[in-house]
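Everything in the sequence shown is counted per this note's numbering, starting at 26 for the first residue and increasing by one. We put the beta carbon where it would ideally sit given N, CA and C, even for glycine. Bear in mind that the values here come from a model prediction, so they are computed numbers and not experimental data.
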Amino acid sequence: MSGNEKFDTAAVEVKQLTYRPSDSELLELYAYYKQGTIGDNETDKPGVFDLKGSAKWKSWNKVKGMSKSEAQAKYIELVETLKARN
Numbered sequence: 026m027s028g029n030e031k032f033d034t035a036a037v038e039v040k041q042l043t044y045r046p047s048d049s050e051l052l053e054l055y056a057y058y059k060q061g062t063i064g065d066n067e068t069d070k071p072g073v074f075d076l077k078g079s080a081k082w083k084s085w086n087k088v089k090g091m092s093k094s095e096a097q098a099k100y101i102e103l104v105e106t107l108k109a110r111n
């Protein structure tokens, strides 16, 4: 299975977890997913009152500069860790 196939599989498997990951884990998943599919965060920072959007933006921005393949590998690794707790 190629790296992209593993990434796509992990994206499906994370939705099948029987529990909800913590907020910090969800933000980490979001950041690695966005970096692995889009690349660096080039969007405008959300407004002060958009707390959820701001948290997601900050999380994605933290991995700025990481290659798509590295972000995908980290996403897969995190999903595997979460599945092991399932």
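Put simply, the segment 96-111 touches the segment 52-66. At least three CB pairs are less than 8 Å apart. Your pair P71 and W82 checks out as a contact, with CB atoms roughly 6 Å apart and the cut at 8 Å. Residue environment: Y58 is assigned as buried (16 or more neighbouring CB atoms within 10 Å of its CB, all protein chains considered). Just so you know, the alpha carbons of T43 and A36 end up roughly 15 Å apart. With distances taken between CA atoms, Q60 lies nearest to K93 out of K108, R110, M26 and K93. Shortest Cα-Cα distance from K108 to any of E38, E50, K99 and M26 involves E38. Rounded to whole angstroms, the separation of the alpha carbons of F74 and A98 is 33 Å.
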